[in-house]
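Engineer: Protein chains in written order, with our numbering: chain A, 36 to 574; chain B, 256 to 663; chain C, 2 to 363; chain D, 5 to 240.
For each residue, glycine too, the CB sits at the ideal point set by N, CA and C.
These numbers come from a predicted model, not from an experiment.
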Amino acid sequence: MAELLRALLALCCLALLAVPACAAPLDRTRFAADLCGDGAAQVRAAEGLVQVGGDLPADDLTFAGGLLGALAERRLSCPADGTLLLDRPGAPEGHDALTGAVRPAPKARAPVLGLRQRAAVETARGIIALLTGPDPAARSAGLAVVERRIATVPAAVLDRARDTETDAALKATITGLAQAAALSSPDPARRRAAIAAVAASPSGTAQARLAALKGDPAYASDPAFRAALDAGLAQVSRAVAIGDGLAVVYNGLSFASILFMAAAGLAIIFGLMGVINLAQGEFIMLGAYATYGVQEAFRRFAPGLLDFYLVAAIPVAFGAVALVGIVVETLILRHLYRRPLMSLLATWAVSLFLVNLVRVTVGTQNLQFVMPAYVSGGVPLYADFVVTWNRLFAIAFAVATLVVTLLILRRTPLGLDIRAVTQNRDMAACLGLPTRRIDRLAFGLGSGLAGLAGVALCPIYSVNPGMGSGFIVDSFMVVVLGGVGSLVGTLVAALGVGGANVLIEPISGAVAAKVIVLVGIILFLQRRPEGLFAVRRRR
Amino acid sequence: MTVLTRRSFVGTAALLAAPALIRPAAAADTVKLGCLFSSSGTMANLEGRLNHVVRMAADAINGRGGVNGRQIEVVTSDPASDWPLYAQIGRQMLQQEKVAALFGCWTSVSRKSVLPVVEQNDGLLFYPLHFEGDENSKNVVYVNSPPASSVLPAVDYLMGPDGVGAKRFFMIGSDYVWPRTINKQLKGYWTSKGIPETAWREEYVPFGFSNFQTLVNQVRSFASQPGGQPIVVLTVVGSSIPDFLREFANQGISATDVPILGLDMVEADLEGLDTGKLVGHLNCWAYLQAAKGERNQKFLADWAAYVKAKNVPFSADTVIDPMVSAYDSVNLWALAAAKAGSFAVPEVRKAFAGLSFDDPSGYTLTMTGENNYVSRGVFIGSVNEKRGFDVLWQSPNAPAPVPFSPYG
Amino acid sequence: MPTTLATPAGPARRAVRDPLVAGLVGLCLAAAAALVVAPPAPYLVNALGQLAAFAILAVSLDLVWGYLGILSLGHGLFFAIGGYVCAMHLLAQGVAATGVLPDFVQFMGWTRLPAYWTGLDHAAYALVLALAVAGLVAFVFGFASFRSRVNGVYFSIISQALVYVSMLLMYRNDTGLGGNNGMTGFPLLFGWPMGSPGVVTGLAVAALLTLAGVLTGTRLLVGSAIGRRMLACRDDETRLRTLGYSTTRLKLGIWCLSAMIAALAGILYVPQVGIINPRVLAPDLSIEIAVWVAIGGLGRLGGAVIGAILVNGLKFWLSAAMPEAWPFILSGLVLLVVLVLPNGLLDLVGWRPRPTWLRGAP
Amino acid sequence: MTALVVDALTVAFGRFTALDCVSLAVDPGEVRAVIGPNGAGKTTLLDVISGITKPVSGRVMLGDHVDLTKRSEAEIAKAGVRRKFQEPSVFPALTVRENLEIGCGPALPARDRPARIAALLCEIGLGARAEVPAGRLAHGEKQWLEIGMVLAAEPALLLLDEPVAGLSDTETAQTAALIRALRRPDRAILVIEHDMAFVEAVADRVTVLHEGRTLYEGSMAGARADARVIEVFLGR
């Protein structure tokens, strides 16, 4: 009797396992109540949904998606008598989760998601988006989430997604992912296919997943498996190494572009007039504040175009800071050309003044910037190498600045004048060049370049009155190392310093990297004071 | 020429003596409190707020009739984020202004700089910041929590089932004693729990460091190693915090992949960030703006009104822990002075034992005769979309402070 | 030529002709005496002592900038070397007396002071060590720079980078000298409790007397034949070299001397403020030293003293009295001096020991 | 024996070649003038001899044994070379007497200096202005002071860079007389000048430089007759 009972029970279980399609539809009341429950209940609801998600009808998924979205965005209100979805956090009325009826929202609890809960909710929303997303973009966003948590997602979900997917490219991706998910499948052929699939999209995580399989009994017993795994691992390791190499290059380029932007204006000012402009960092800061001003103007007058404020800020920041530079030159520096060390003190005073002026008038807090899509986030390019848009923006900006500045210096009358004055001031004056006017314009150009650096830095660094002070030593080192008066030298020096920093940092830490690079420059300059690119001149 | 030099000397002497002349001598019915918070230099954005909070607290007490029948007069200064200047001004305030207590310092080094001054002059310094602990001077009131009573509960939470079950730890800090002490204590704590040394990594960056690309790459590759859920324990300070968060989000790592526990992260650090991609990262303080309760609502309303009325150059709707701690400091001092019936430091110090104050966080602060530390609650906050923190967890009560960590 | 020979040449004549320095030395001595006889409030005594230390620092920079044309933007380094060695001495003395290790040493996990602290509890050794280290660092850096003819603004920039690198190094906790928190909590000075009125007065008097000594010594130096070569080197180094003088050696010698004077200032400064941390190595502080010198009057030792005392006195006063205004006043003061009063504030009182054609110099 | 040998000297600044394989030899007691149009490399030649500029290749020998190209300015000066610059290079912050004292060089013992200085003051005619800062002197007085400074160390080789530039006719004649008076069997003098009459008055032989190369060497009369010299220099 007991035997029979046990057999029956086992049969039932088997049936339950084998035919999940007959699982009950979502218990909406319980699901809603769980989302309003404690952390454990929330996890239960979200993970339960993930487990059965492959078999739930579409309207259940949509319903759950709405609730989960509201929970993640804190629009879920939990009064004593049910669950409400609000239009926005703290709205006075909301839709009842079950009936959809609109009713006033009493003061009630809006659950805060813990990290576990948030992860579970994210996964659940991911599979819902993958299965029911209205367009390929939404479904592919869902797929991205699912991919990250592939270990917690049952195969049924991927199978269903693959079967129902209409977009060919997306379908192929899902198929690959489903294959890769079968790493621990009992079927050796599927396993090998899974290894190949994992190896096809290499990353540090993939490497770790494959490496873990080396401890698998099959590795020792099954030569085919062993060969597949070794090949897959080698492929992933190579790809990860290349990706890391690309990341180093990219990091170096990005740091170099920042250094170059900060130093380019200085190179012109120092090269032309021998003036050590200690206010250059503050000019960068002013450029960033000008960008902020443009953003606020857009917000007020053209909110629809707000995303383009960074582009519009380029001429504004250049012009505004160039104007400040010209004013400083006219009022102060032109009296000091024969006394470079005094102009150093004067620009220090100007920097002190500017920092405190901004501090008193605008405040010390970090400025709030809207980050349009083209400067926020990033895209994984190869293995673990992620291209971040803000850094790419800075690199592109630096390249554009370099090209335009070189064009100005090489192809325009002003550029010719500037080069003439840089090379031999007295001779240029004898030839009738208006050196006074050229000085002023060149100083304006150098300051304007600092303003541009301010624009480029907005998406990368925090903008506050003190932001400029950190640049001064680095950018002077870059200018002097490159050779005074040589913009190309400045570029090469920036690349060298940026690259060296990025290479040394993983080995000896960020502090030591900075110290080593600076000491190296000091030693180099003591052997070769004229820098890398300066032409040897008659003393 | 000697006449001229004499004149210039007289001028210099007059300058030195001038502080005594430019201020009206204290009226008999006031008592002075001194502030040592910078309104310029690197610390301005953080410390600057505290000057105003101290004033606000003193105004409120004055509105209730003052302390021991005297009105409070707040003396402010600007040590300009220049550490020796804190000591210099502190000395001047104690000796010349005869302030009854000092409220000041944010960084450990500024406190260390003022410490000998208050000890030599037997003054009283209320220090509103959390810090590395391992110090107990009878002349300093440590209003905020040492790590053993605030950081360890938070890390415990993250390691537990309610948190993320954290198994591996990437510690990134600014290179100075507070981050290093915290990390040292954490390592001791983990060792005591049997966690192997391979489960953590430690990196330090210079002050004001902002180029976090390489470090974030390292975090990512650390996270992809097997061994369990990783978290980042972030003890960088100042502008490094937003710069790190920005790079972290831009490289596409979310809080559900690798959560950051930012131990020095406050609302002010999120100013200027798009926090949509940072939702879920954590911080840990003795007060969060989102704390529930009438007292907090009143405090927030008071601050907003004060900012408006006095044209204070800081945000009316951002309140951070050290502001509340500074507010608590003034009130604790006033309670102690009233209990002692005197402004003399030894009397006030004696009155600390058994003092309690219901502060905006919702907890009741208490002090014992054992040390100059204050019992505070512990909040764990979670970054939300609105550049603030939601309360994720808070301690059931205010744990007794542990000045000297057992894990150091 | 008996008549020409009878005219006192060199130092003696010049010292007599520099009543400013003579007056300042007299004032220092008088102030020191006054402090001993009738000390004012301790914080004033302490402030005066700190001002004297700053004045010594300013003199050290004026010696190389005003008389040799070398603007160092890294003098904070030598000041810091003096300060750190002094702090180590005070802590070592404290350890010897109390047996308690400083907290940063405990933090590093050391059970006793590392070997290189040996002997630092002896004041004389500490003094020699501070001067020697400062001199050595200056020698190495100066030798490399002067030999390859690094001059003018290049020298300024490189020296600024040097002090910046040192700051980064000292901020590192692993460097082992207290990191960002630096060194503080000095218990004793020569066995007396730190901060007692006697010690405060003693330190201030020592600083004033040292200032008087440094002023006298440097004045004699710049008035001597070496001083004339310094001026010659400042105005036309190539000319001096083609007359057979090794300017590298001259510059190196004065540079090292200046570094040691700066270290002396650091030694006197640290026990008075009770703390040393890498902030003194911030490039800004080193620029500020140049600001003091320029405000007081470049190329006049008395001017450097007056500038240092004026700017720092104002800073002490205004950062408490008018905290918002201080940075604006300082920047205004610098611009005023640089544009209108090229010889510093001494111009205001009509002090013109040098003809106007010198204005073109550094 | 020769006082000065310049052997295949080449100097370049960047891509510009200032001296291209220039050679010349000056005998003891000789006054040699180097002439040539602007940019011919005359001042560069003096810069190399006095050690201010280092050549790309070639040698400069003082006497038969001392290689000047390997020495610093100070060592060259100590070897007995003195140079008078084109712009009067005196130390403006020092008095005339102090300038002369420095001119005596580091080697002369202090007790010998007053006598030497007194003699020089007489020689250059600035006795009455001995205590005046050199910055206050008139242009001509500065030229004379500088000559005094370079004479103070009794140089074996004297380099004069346009000593009469900007001087009046009378002063030029006085300077020519002075240079003739400076001739000594153990001293060679190298003069760079534009003023042909002055060169003719003082020089034993002339070297004509053009675009970094030696064009002619010989007597002044020969130079006047040389076709190439006339073309590049005199003719224009």
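1) Under a Cβ-count criterion, where at least 16 other Cβ atoms within 10 Å of its own Cβ denotes burial, should arginine 183(A) be classed as buried or exposed?
2) Shorter than 8 Å from the beta carbon of leucine 291(B) to some beta carbon of chain A?
3) Check whether the Cβ atoms of alanine 510(B) and leucine 533(B) lie closer than 8 Å to each other.
4) Using the rule of at least 16 other Cβ atoms within 10 Å of the residue's Cβ for burial, across every protein chain shown, is arginine 19(D) buried or exposed?
5) Would you identify the three-state DSSP class for alanine 56(A), choosing helix, strand or coil?
6) Per DSSP, glutamate 113(A) forms a beta bridge with which residues?
7) When the Cα atoms are used, what is the spatial distance from cysteine 57(A) to leucine 91(A)?
8) Taking C-beta pairs closer than 9 Å, name the residues in chain D that glycine 67(C) reaches, listed in chain order.
9) What are the residues of the stretch 413 to 432 of chain B that lie near chain A, defined by any Cβ-Cβ distance shorter than 7 Å?
10) With a threshold of 16 other CB atoms inside 10 Å of the CB of isoleucine 246(D), please say whether the residue is buried or exposed.
11) Could you pull the DSSP bridge partners for glycine 222(D) from this structure?
12) Determine the contact status of serine 320(C) and leucine 340(B), defining contact as a CB-CB distance below 8 Å.
13) Output the distance between the C-alpha atoms of leucine 164(D) and alanine 305(C), rounded to the nearest integer angstrom.
14) Given leucine 299(C), which residues of its chain have a CB within under 6 Å of its CB, disregarding the five upstream and five downstream residues?
15) Would leucine 193(A) pass as a contact of leucine 212(A) if the rule is Cβ separation under 8 Å?
16) So the candidates are Ser220(A), Val137(A), Gly518(A), Ala291(A); which of them puts its Cα closest to the Cα of glycine 309(A)?
17) Could you check what DSSP says for glutamine 649(B) in three-state terms: helix, strand or coil?
18) Please list the residues of the stretch 526 to 555 of chain A that have a C-beta atom closer than 7 Å to any C-beta atom in chain C, keeping them in chain order.
19) Measure the alpha-carbon distance for glutamate 522(B) versus threonine 285(B) and round it to whole angstroms.
20) Would leucine 216(C) count as contacting chain B if we go by Cβ distances under 8 Å?
21) In or out: glutamine 51(C) buried (at least 16 other Cβ within 10 Å) or exposed?
22) Closer than 7 Å by C-beta to valine 134(C): which residues in its own chain qualify, once you throw out the five before and the five after it? Chain order, please.
23) Between the alpha carbons of alanine 154(A) and leucine 178(A), how many angstroms are there, rounded?
24) With a cut-off of 8 Å on the beta carbons, I'd call phenylalanine 386(B) and proline 401(B) a contact; round off their distance for me.
25) Short of 9 Å Cβ to Cβ, which residues in the stretch 48 to 62 of chain C face chain A?
26) Which residue marks the beginning of the alpha helix (DSSP H) containing tyrosine 618(B), and which one marks its end?
27) On the premise that glutamine 343(B) lies in contact with phenylalanine 317(C), defined as a C-beta separation below 8 Å, what is that separation, rounded to the nearest angstrom?
28) For the alpha helix (DSSP H) holding threonine 201(A), just list the boundary residues, first then last.
29) Under the assumption that alanine 157(D) contacts glycine 214(C) (Cβ atoms under 8 Å), give the Cβ distance between them as a whole number of angstroms.
30) Between the stretch 126 to 144 of chain A and the stretch 98 to 112 of chain A, are three or more C-beta pairs nearer than 8 Å?
31) Can you check which of these residues, Pro494(A), Gly125(A), Tyr417(A), is closest to alanine 575(A) by C-alpha distance?
32) For alanine 281(B) and isoleucine 310(C), what's the separation of their Cα atoms in angstroms?
33) For glycine 489(A) and methionine 320(A), I'd like the C-alpha separation in whole angstroms.
34) Could you tell me how far apart the beta carbons of valine 294(C) and leucine 62(C) are, in whole angstroms, since I believe they sit closer than 8 Å?
35) Beta-carbon within less than 8 Å of proline 194(C)'s beta-carbon, same chain only, minus the 5 sequence neighbours each way: which residues are those?
36) Along the chain, which unbroken stretches of the alpha helix (DSSP H) at least 4 residues long are found entirely within the stretch 514 to 550 of chain B?
Structural biologist: So, to answer that:
1) buried
2) no
3) yes
4) exposed
5) Residue placement at alanine 56(A) cannot be trusted, given a pLDDT of 45 that sits under 50; what the coordinates show is reported in the next sentence. Alanine 56(A): helix per DSSP, three-state reduction.
6) Sequence inspection shows cysteine at residue 113(A); the glutamate mentioned does not correspond to that position. The partner list for cysteine 113(A) (beta bridge, DSSP) reads Arg144(A).
7) Because cysteine 57(A) carries a pLDDT of 46, less than 50, the predicted location of this residue cannot be relied on, and the following value inherits that uncertainty. If I take the Cα positions, the gap works out to 10 Å.
8) Near glycine 67(C) there are no residues of chain D at all, since even the closest Cβ is about 11 Å away, more than 9 Å.
9) Asp417, Gly418, Val419, Asp430
10) This structure leaves residue 246(D) out entirely; chain D is present only between 5 and 240.
11) Val210(D)
12) yes
13) 41 Å
14) Gly67
15) yes
16) Gly518(A)
17) strand
18) Val546, Lys549, Val550, Leu553, Val554
19) 35 Å
20) no
21) buried
22) Ile82, Val86
23) 15 Å
24) 7 Å
25) none
26) That residue, tyrosine 618(B), is in no alpha helix (DSSP H); it is neither H nor E in DSSP.
27) 6 Å
28) Per DSSP, threonine 201(A) belongs to no alpha helix (DSSP H) and is neither H nor E.
29) The Cβ separation is near 37 Å, so there is no contact.
30) yes
31) This structure cannot speak to residue 575(A), because chain A is shown only from 36 to 574.
32) No answer about alanine 281(B) holds up, because its pLDDT of 47 lies below 50 and its placement is not dependable.
33) 6 Å
34) 5 Å
35) Pro188, Val200
36) 522 to 525
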